[in-house]
Structures are given as structure tokens and as C-alpha cells.
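All remarks here apply to the structure that follows.
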Amino acid sequence: MMVPVRCFTCGNVVAEHWEEFDERANEGDEDPEKVLDELGVERYCCRRMLVSHRDLVDVVSPYQ
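Residue numbers (full-length UniProt numbering): 1 to 64.
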């Protein structure tokens, strides 16, 4: 699975937040907005990057 390393728009590193975000938002059924707030991801572009990647990764690579 590809992990997003940097935000495409601003270039901030988002990889440091990916694993915890994926565990809590995808498998833990927590609200992604609250998880991103708690992780300190404030910029809209970085938030969009993480949320859209989480939604697409299961569709693009269903076989792991």
C-alpha cells in the first residue's frame, strides 16, 4: 500500500500522521475530523490528502 508522504499542495510531511490516522479513522470507526484535530493536522489541503487517500486505498488495492 502506498502511504502518502507529502501533501501534494503545500509539501508538508503527512506520513508521520498516516498510520495512527488510518488505524483510528478506518478501523476504529472514529470521526476522521476529530482524529485529524487531535493529531494536529490543521491545513485543509493536508486533511483532504489524508481523508481522500484513506477512502481510495481500499478501492484501488482490494487485495493485500
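Cβ atoms here follow ideal geometry from the backbone N, Cα and C, with glycine treated the same way. Since this is a predicted model, take the numbers as computed values, not measurements.
Residue i classed as buried or exposed, judged by whether at least 16 other C-beta atoms fall within 10 angstroms
{"i": "Val5", "result": "exposed"}
{"i": "Val3", "result": "exposed"}
{"i": "Ala25", "result": "buried"}
Beta-carbon gap between residue i and residue j smaller than 8 Å
{"i": "Leu39", "j": "Glu19", "result": "no"}
{"i": "Leu50", "j": "Val14", "result": "yes"}
{"i": "Cys10", "j": "Arg54", "result": "no"}
Closest by C-alpha distance to residue i, when choosing among the options
{"i": "Leu36", "options": "Gly28, Arg47, Asn26", "result": "Arg47"}
Chain D within 8 Å of residue i, Cβ atoms only
{"i": "Arg43", "result": "In the structure shown, chain D cannot be found, because there is only a single protein chain."}
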